[in-house]
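Residue numbers (full-length UniProt numbering): 1 to 289.
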């Protein structure tokens with residue numbers, strides 16, 4: 001009980017003692033995040049796909065949607081980049097899924113100028129997405145938990161659902177086929193029609209910067225964990241003032257577009273791919289005996 005009373009005071013004392021570190025002109029930090037996205041594969045491929053094939057596709061999808069990112073930050077800027085890893089032989093299909101659902105290249109945020117920019121390669125074409133930082137109307141709940149050695153506070157926000165969704169790549173019924181009309185299918189369709197997402201964040205005031213992984217920011221401390229829809233991003237390691245400093249700068253290569261323009265291009269490409277799959281399926285079905 002005494003420990004519970006002293007704990008907030010100890011955290012406050014830590015903040016006072018460490019404030020000089022974060023106020024340094026050349027201050028820099030690195031946070032390592034593990035990102036995991038889950039996808040329901042039960043309807044992927046329909047009845048034409050064997051269970052063995054579904055398991056193989058699930059394994060490839062899992063490999064493509066589990067990634068490690070590094071957030072390099074100072075008091076007002078950050079660069080968020082995927083950590084490079086070696087691909088397994090024959091991993092081309094996982095790479096394809098990564099292009100559909102991945103986060104693309106380096107992402108730069110600047111909370112002073114309120115700008116965000118990101119290089120993004122989609123199906124062989126490079127874009128430079130430049131826009132204003134998204135606003136999050138965070139509500140701090142009062143709940144706390146510890147992540148590593150850091151005391152974290154919970155915050156929530158509701159945002160509109162945007163961007164490309166990997167679940168849209170699942171098989172759609174061919175001409176002449178009907179949905180089974182099950183309650184599970186109806187519930188899934190209702191779930192995917194929701195246009196708002198609940199975002200849950202855990203941030204630590206022990207690192208007093210208003211930044212976080214991916215597009216997230218705006219809390220009185222570094223965001224160490226984010227849960228949004230079917231994706232969770234969790235910090236696994238933090239290095240304050242690493243021996244080798246990195247120059248934080250915005251990407252510059254690619255055709256410049258806004259986030260809304262890029263989302264429109266992505267969705268159009270997704271529809272094009274879905275039509276191509278349907279056409280191949282139709283031809284394949286008529287040519288086999």
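For glycine and all other residues, C-beta sits at the position ideal for the given N, C-alpha and C.
Report buried or exposed for residue i, applying the criterion of at least 16 other Cβ atoms within 10 angstroms of its Cβ.
i, result
"residue 50", "exposed"
"residue 160", "exposed"
"residue 61", "buried"
"residue 275", "exposed"
"residue 279", "exposed"
"residue 239", "exposed"
"residue 198", "exposed"
"residue 215", "buried"
"residue 236", "exposed"
"residue 77", "buried"
"residue 105", "buried"
"residue 307", "The requested residue 307 does not occur in the structure, where the chain is confined to residues 1 to 289."
Who are the near neighbours of residue i in its chain, counting only those whose CB is closer than 7 Å to its CB and skipping five residues on each side?
i, result
"residue 69", "33, 35, 80, 81, 82, 83, 213"
"residue 269", "122, 123"
"residue 256", "128, 130"
"residue 112", "76"
Measure the Cβ-Cβ separation of residue i and residue j and say whether it is below 8 Å.
i, j, result
"residue 128", "residue 119", "yes"
"residue 131", "residue 24", "no"
"residue 31", "residue 71", "yes"
"residue 162", "residue 263", "yes"
"residue 221", "residue 205", "yes"
"residue 152", "residue 224", "yes"
"residue 251", "residue 108", "yes"
"residue 136", "residue 74", "no"
"residue 29", "residue 207", "yes"
Among the residues of its own chain, which have a CB less than 8 Å from the CB of residue i, if the five just before and after it don't count?
i, result
"residue 138", "155, 156, 157, 201, 218, 219"
"residue 253", "119, 126, 128"
Going by beta carbon distance, what residues of the same chain come within less than 6 Å of residue i, once the five residues before and after it are set aside?
i, result
"residue 38", "230"
"residue 233", "33, 35, 213, 226"
"residue 95", "Here residue 95 scores only 42 on pLDDT, less than 50, and its place in the model should not be relied on; the value that follows carries that caveat. Counting only Cβ-Cβ distances below 6 Å, and skipping sequence neighbours, we find nothing."
Taking the DSSP output, what are the residues bridged to residue i?
i, result
"residue 217", "Residue 217 is not bridged to any residue."
"residue 131", "116"
"residue 255", "127"
Does residue i have its Cβ less than 8 Å from a Cβ in chain D?
i, result
"residue 252", "The chain inventory of the structure shown lacks chain D, comprising one protein chain alone."
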